Amino acid sequence: INNVCIETDIYTLAGKTRAQRMALETFYSDNVENVYNEVYQTLTDEKVTYITEDLHYKIIMTIITMMYRTSKWIDRHNELFDSVLEKMYALCKQTGQDSFMFENINYSINGKTLKEIQTEFRNKGKEPQVLTQLEIAFKLIDIRKYDGIFVSKLDPGYQLITSDNPVILSNISQDHIMPFDPENMINMPLDSRHILTIMPHSQSTRLHRIVRLTEGNILSQGKMMVNNTCQLTASNKYILGSKSALSHFIDNLDNYRKPISDEQKKKLQEYEDLMKNLMQK
4 INNVCIETDI
14 YTLAGKTRAQ
24 RMALETFYSD
34 NVENVYNEVY
44 QTLTDEKVTY
54 ITEDLHYKII
64 MTIITMMYRT
74 SKWIDRHNEL
84 FDSVLEKMYA
94 LCKQTGQDSF
104 MFENINYSIN
114 GKTLKEIQTE
124 FRNKGKEPQV
134 LTQLEIAFKL
144 IDIRKYDGIF
154 VSKLDPGYQL
164 ITSDNPVILS
174 NISQDHIMPF
184 DPENMINMPL
194 DSRHILTIMP
204 HSQSTRLHRI
214 VRLTEGNILS
224 QGKMMVNNTC
234 QLTASNKYIL
244 GSKSALSHFI
254 DNLDNYRKPI
264 SDEQKKKLQE
274 YEDLMKNLMQ
284 K
């Protein structure tokens with residue numbers, strides 16, 4: 004159970020030595036994974052309100068690297084280009100060509116199956132792809148490194164689920180979410196009752212602090228439903244949670260699938276405004 008979301012070799016690079024091949028994994032281990040416990044304990048400890056500048060950065064870094072460090076980005080990229088390569092391969096077969104150019108690289112299909120071509124493309128593109136993910140992540144971290152930190156605690160009667168792609172972006176003013184948009188709120192369940200939200204435009208006070216709010220019954224239910232629906236939608240292969248939380252979610256799936264109403268959207272906007280106001284106090 005502990006290994007259910009683990010995928011191996013996603014960040015293994017080309018290299019002659021093990022150290023070279025594991026350079027990116029070592030970077031994540033030394034600079035990101037080793038602060039997970041500190042970040043979680045800080046965010047869920049209700050006695051902690053003010054934090055150091057360094058810890059503030061660690062929290063932002065952790066959630067943003069988790070957003071980009073997921074196989075879903077790679078899987079979607081591979082699915083897209085598998086489809087493109089399938090069409091190029093079929094065109095070559097129809098026209099009698101034994102190779103084609105794609106992204107300035109010549110691919111020979113002579114004696115190769117479509118599957119072999121797709122595997123070759125993935126192997127050539129893997130390293131630039133994962134390095135680009137890391138570069139984009141740290142650009143976004145630099146932009147948002149001191150954004151507001153907001154932690155909601157739900158009523159005990161409501162439980163959150165999570166997934167293998169747990170970081171959720173939201174933007175009330177836009178229908179289509181752009182991952183690099185600094186206007187996005189960044190949300191992630193920390194456990195069954197705590198949700199972390201990174202608020203945009205909350206760094207003007209220059210205070211390194213965590214704003215906390217214990218939700219009442221109605222807001223707890225609303226936040227649970229929004230989070231759990233988003234986790235299902237964002238998941239790549241797995242949703243995770245306690246047995247009771249998952250059972251409740253499955254039993255009430257029809258309610259979760261209902262589209263958000265204008266009234267609910269208005270309440271979410273009001274709640275977002277409330278959080279922004281709390282950040283500025």
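Under my numbering, the first residue of the sequence shown carries the number 4, and numbering increases by one thereafter.
Glycine residues also receive a C-beta, built at the ideal position from the N, C-alpha and C atoms.
Nothing here was measured: the structure is a model prediction, and the numbers come from that model.
Asked	Found
Name the DSSP bridge partner or partners of Ile171?	Asn190
To which residues does DSSP link Lys156 through a beta bridge?	His197 and Thr217
DSSP has Tyr39 in a bridge; who is on the other side?	Answer by DSSP bridge pairing: none, since Tyr39 is not bridged.
Output yes or no for whether 7 Å exceeds the beta carbon distance between Ile242 and Ser166.	yes
Contact between the region 40-52 and the region 119-127: three or more CB pairs below 8 Å?	no
Is the separation between the beta-carbon of Asn244 and that of Ile164 shorter than 7 Å?	Reading the sequence as shown, one finds Gly at residue 244 and not Asn. Yes.
Once the 5 residues before and after Asn113 are set aside, which same chain residues still bring their CB inside 6 Å of it?	Asp101
Can you give the Cα-Cα distance for Leu143 and Arg72, rounded to whole angstroms?	13 Å
Within the continuous beta strand (DSSP E) that includes Ser111, where are the two ends?	Ile108 to Ser111
Determine the closest residue to Asn168 out of Asp254, Trp76, Lys246 and Ala93, with distance taken between C-alpha atoms.	Trp76
I'd like the list of long-range same chain contacts for Ile180, defined as Cβ closer than 6 Å, with 5 residues on each side in sequence excluded.	Leu172 and Asn174
Going straight from the alpha carbon of Ser207 to that of Met227, what length do you get?	Since pLDDT at Ser207 reaches only 46, below the 50 mark, its modelled position is unreliable, and the value read off the structure follows with that caveat. Between Ser207 and Met227, the C-alpha separation is close to 30 Å.
Could you tell me which residues DSSP pairs with Asn166 in its beta bridges?	With the sequence shown as reference, residue 166 is identified as Ser, and Asn is not the correct amino acid for it. Ile242, per the DSSP bridge assignment.
Can you tell me where the beta strand (DSSP E) with Met104 in it begins and where it stops?	Ser102 to Phe105
Taking 6 Å as the limit between beta carbons, can you name the residues of its chain near Thr68, skipping five residues before and five after?	Val35 and Ala140
Rounded to whole angstroms, what is the Cα-Cα separation between Glu106 and Val87?	12 Å
Does the beta-carbon distance from Phe252 to Met202 come in below 7 Å?	no
Applying the 10 Å Cβ sphere with the 16-neighbour rule, what's the burial state of Leu157?	buried
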